[in-house]
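Trainee:
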Amino acid sequence: MRNRLLAAIAAGTVGIAVGGCTTGPTPNHPSSAAAHSESGQGRNPYTAGTVDPPAPNAPVLTVTGGTTPLSLTIDQLNAMGHATISIDEPFVNKRETYSGVPLAIVLAKAGISDTATIDTDAIDHYHYVSVVKPMVDSQALIATERDGAPIPYDQGGPIRIVFPDRSPLSSVLEAWNWSLTSITVKHPGGP
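Residue numbers for the sequence shown follow UniProt numbering, so the first one is 1 and each next one is one higher.
Structural data, given as structure tokens:
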């Protein structure tokens, strides 16, 4: 009996070690999450780990590199403007309704032009870098609610970037950044 237990433990250890070797995107990479979701395996693509929710008045988003640096709470984001969109969420293959503030409003408030290049950074340090104009033209939304409720961290919250169906970036899965923490202007030849 003990030999069977030791064999099972050894097999599990080898399985974990081999399972940790990947050649493609990491599990937290949006394109990897989409592949799992499309396969019907039901895996939660928003694996941010265990994270304490923000304190009631704690900033959830910093925006830097424009003329006016911003450090915004959920309430401050929601006070900047409001939009609601219903979309076919590509990572969970489900129709969901998101509410929040258009990215264009936040960037304008921070003094960031549509010709600037921005880096969106998530809690797991996933980055997406883009010129502002395509994101604004795609009506990017910084979502603070999903289906009328706050978005939990383990489901891509508390804020995330989403795009309306059939907008130019709606099919660019790398542009969807969940558990968003910062937006920074990228300067040529610099950070």
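For each residue, glycine too, the CB sits at the ideal point set by N, CA and C.
If you draw a straight line from the C-alpha of Thr73 to the C-alpha of Val129, how long is it?
Mentor: Spanning the two alpha carbons is a distance of roughly 23 Å.
Trainee: What does DSSP give as the partner residue(s) for Ser122 in the beta ladder?
Mentor: What sits at residue 122 in the sequence shown is Ala, not Ser. Ala122 is bridged to Leu180.
Trainee: Taking C-alpha atoms, which residue in Phe91, Val101 and Pro90 lies nearest to His82?
Mentor: Cα-wise, what sits closest to His82 is Val101.
Trainee: Helix, strand or coil: how does DSSP classify Val131 here?
Mentor: Residue state, collapsed to three classes: strand.
Trainee: Report yes or no: do the stretch 103-111 and the stretch 144-152 share at least 3 C-beta pairs separated by less than 8 Å?
Mentor: In short, these stretches do not touch, since the Cβ pair count stays below three.
Trainee: Would Thr62 pass as a contact of Ser182 if the rule is Cβ separation under 7 Å?
Mentor: Contact: yes.
Trainee: Spatial neighbours of Asp184 within its chain, please: CB distance less than 6 Å, with the 5 preceding and 5 following residues excluded, ordered by chain position.
Mentor: Residue identity differs from the one stated: residue 184 is Thr in this sequence, not Asp. Once the five neighbours on either side are set aside, the close Cβ partners of Thr184 are Thr64, Gly65 and Asp119.
Trainee: Out of Asp154, Pro168 and Gly157, which has the shortest C-alpha to C-alpha gap to Pro134?
Mentor: Taking only the C-alpha atoms, the option nearest Pro134 is Pro168.
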